[in-house]
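Heads up, the sequence shown is in our numbering, so the first residue is 143 and it goes up one at a time. What follows is a single structure, written as structure tokens, with notes after it.
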Amino acid sequence: MQFIYHCLYELIMVYLIFVTIIWSFSFSFIGVYISGQVDTWFAVVMRVLLAFIIFFPFLRFKNIKLKTMFLLMGVGACQLGIMYFFYYNSFQYISVPEVLLFTIFTPIYVTVIYDLLQGHPLRLSYLFTAIIAVIGAAIIRYDHISANFIIGFLLIQGANIVFALGQVGYKRIMEIYPMPQHQAFAWVYFGAVIVAALGWVLFGNWSKLPTTHLQWGIIVWLGVIASGLCYFLWNFGATKVDSGTLAIMNNVVIPTGILVNVVIWHQSIDWLRFLLGSVVIVLALLLHYKIKKRVVH
């Protein structure tokens, strides 16, 4: 039984790592080709609409409580609708590596919010490993902060908080109201579409639509792959791992995202700092596993 559990856990980690690799490209795609060129709300609504279309066949009105339905829609509104608004706008003030840097606080938000939602005292061991992961990410990108870093920082923290609230909220909903996750996520994306569509109608700039095939292609890729497939896999994985592992995995995208930005878009990087910070993040994950094993036994 222990062997089966171990194999399943490793499979879930593969899901999370796969999503991390895909998302590491999203930062550069948005920063280079979308931000400032395509209206933010249009980019957001198209991204979540495409994701919703993929899961629309799984939308069910039977055998689901109204409360659960609205909770799942709230998750989508936070984790995708509102988060994307903060996230896309941040690229107008800070660079791709800085966006990645400012996501380092997500693990702390995940750990704190999960304990609050459970009504448990804050688990200091989980928070400790999350802070180590933050330190590792900070080592990678603590310098070269642009003049607009305060605005960019605040936008990304807004994105971090609602993203953490969404994924932790989804994890808790699945624990309390279990249901087939592909059906649950249809409601998650529906909630995101409602928020994004309202934002576009009220605040969108209709003159800043995509003008090239490349921009349209990136929007389709972001909607179908990075959102439609990957957010489902990420949240599915989130329900199978503990909040500490989930918190740390939120920071693994930082070194991978910077690596993609450097290799493909030829951005400069301090390799010593990059490698050192990446090692610290990995050590945080290993330390968390050790602490978790001790708690279980």
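Yeah, the Cβ is synthetic: ideal placement off N, Cα and C, and Gly gets one too. All figures in this text were calculated on a predicted structure; none of them were measured in a lab.
**Request:** Grab the span of the alpha helix (DSSP H) containing VAL248 for me, first residue to last.
**Result:** Here the question's residue 248 lines up with position 106 in the sequence shown. Per the sequence shown, residue 248 should be read as Thr rather than Val. Run containing THR248: 248 to 260, per the alpha helix (DSSP H) assignment.
**Prompt:** Quick one, are the C-beta atoms of LEU297 and ASN347 less than 9 Å apart?
**Reply:** Counting from 1 along the sequence shown, the entry for residue 297 is found at position 155. Counting from 1 along the sequence shown, the entry for residue 347 is found at position 205. Not a contact, by the Cβ cut-off of 9 Å.
**Asked** Out of curiosity, what's the CA-to-CA distance linking VAL174 and ILE406?
**Response** Indexing the sequence shown from 1 puts residue 174 at position 32. Indexing the sequence shown from 1 puts residue 406 at position 264. Rounded to the nearest angstrom, the two C-alpha atoms are 11 Å apart.
**Request:** Give every residue of the same chain whose Cβ lies closer than 6 Å to the Cβ of VAL395, excluding the five residues on either side of it in the sequence, and list them in chain order.
**Result:** By 1-based counting over the sequence shown, the position of residue 395 is 253. For VAL395, where only same-chain residues beyond five positions count, the Cβ hits under 6 Å are THR162, TRP165 and SER166.
**Prompt:** Which of helix, strand or coil does DSSP assign to GLY178?
**Reply:** Counted from its first residue, the sequence shown places residue 178 at position 36. Correct three-state label for GLY178: coil.
**Prompt:** From LYS313, GLN260, VAL335 and VAL217, pick the residue whose C-alpha is nearest to that of THR187; which is it?
**Reply:** As a position in the sequence shown, residue 187 is number 45, starting the count at 1. Rather than Thr, the amino acid found at residue 187 in this sequence is Val. The shortest Cα separation from VAL187 among LYS313, GLN260, VAL335 and VAL217 belongs to VAL335.
**Prompt:** At what residues does the alpha helix (DSSP H) containing LEU307 begin and finish?
**Reply:** One-based indexing of the sequence shown puts residue 307 at position 165. LEU307 -> alpha helix (DSSP H) spans 291 to 318.
**Item:** Same chain, Cβ closer than 8 Å to THR248, five either side skipped, listed in chain order
**Value:** Taking the sequence shown and counting its residues from 1, the one referred to as residue 248 is at position 106. These residues qualify, in order along the chain: ASN302, PHE305, ALA306, ALA389, ASN392 and ASN393.
**Prompt:** chain D beta carbons: is any one of them nearer than 9 Å to that of LEU414?
**Reply:** Among the protein chains of the structure shown there is no chain D, as only one such chain exists.
**Message:** Can you tell me whether LEU351 is helix, strand or coil according to DSSP?
**Reply:** Indexing the sequence shown from 1 puts residue 351 at position 209. Three-state DSSP puts LEU351 in coil, outside helix and strand.
**Message:** Let me make sure I understand the geometry here. Which of VAL180, TYR312, THR387 and PHE291 has the alpha-carbon closest to that of PRO239?
**Reply:** In the sequence shown, the residue the question calls residue 239 occupies position 97. The candidate whose alpha carbon is nearest that of PRO239 is PHE291.
**Limits of the alpha helix (DSSP H) - the one that VAL276 falls within** = Here residue 276 refers to the residue found at position 134 when the sequence shown is read from its first residue. Residues 266 to 282.
**Request:** Between the Cα of TYR256 and those of GLY216, ILE433 and ILE315, spot the shortest distance and give me the residue it belongs to.
**Result:** Taking the first residue of the sequence shown as position 1, residue 256 is located at position 114. Taking only the C-alpha atoms, the option nearest TYR256 is ILE315.
**Message:** Just to confirm before moving on: does the CB-CB distance between SER312 and ASN377 stay below 9 Å?
**Reply:** Residue mapping note: residue 312 aligns to position 170 of the sequence shown, counting from 1. Residue mapping note: residue 377 aligns to position 235 of the sequence shown, counting from 1. Checking the sequence, you will find Tyr at residue 312 rather than Ser. Against a cut-off of 9 Å, the Cβ pair of ASN377 and TYR312 comes out as a contact.
**Request:** Would you mind working out which of ASN403, ARG265, ILE236 and PHE374 sits nearest PHE200, comparing C-alpha positions?
**Result:** As a working note, residue 200 is residue 58 in the sequence shown. Nearest C-alpha to PHE200: PHE374.
**Message:** Taking 8 Å as the limit between beta carbons, can you name the residues of its chain near GLN234, skipping five residues before and five after?
**Reply:** Against the sequence shown, residue 234 aligns to sequence position 92. Taken in chain order, the residues that qualify are SER177 and GLY178.
**Request:** Check whether the Cβ atoms of MET100 and TRP329 sit closer than 9 Å, and answer yes or no.
**Result:** No answer is possible for residue 100: it lies beyond the span of the chain, which begins at 143 and ends at 439.
**Request:** Pick helix, strand or coil for ARG202, following the three-state DSSP scheme.
**Result:** By 1-based counting over the sequence shown, the position of residue 202 is 60. ARG202 falls in the coil class under three-state DSSP.
**Item:** Distance CB(ALA272)-CB(ILE293) smaller than 9 Å
**Value:** Residue mapping note: residue 272 aligns to position 130 of the sequence shown, counting from 1. Residue mapping note: residue 293 aligns to position 151 of the sequence shown, counting from 1. Cβ distance not < 9 Å, so ALA272 and ILE293 don't count as in contact.
**Prompt:** Buried or exposed: where does PRO397 fall if 16 or more other Cβ atoms within 10 Å of its Cβ makes it buried?
**Reply:** Mapped onto the sequence shown, residue 397 falls at position 255. Buried is the call here.
**Item:** Beta-carbon contacts of ILE196 that lie in its chain and below 7 Å, excluding the five residues immediately before and after
**Value:** Residue numbering aside, residue 196 sits at position 54 when the sequence shown is read from its first letter. These residues qualify, in order along the chain: VAL366 and GLY370.
**Request:** Flag this pair as yes or no: are the beta carbons of ILE274 and VAL421 separated by less than 9 Å?
**Result:** To locate residue 274, count along the sequence shown from 1; it is residue 132. To locate residue 421, count along the sequence shown from 1; it is residue 279. Taking 9 Å as the Cβ cut-off, ILE274 and VAL421 do not qualify as a contacting pair.
**Entirely enclosed alpha helix (DSSP H) segments - the stretch 356 to 439, minimum 4 residues** = 372 to 380, 385 to 407 and 413 to 438
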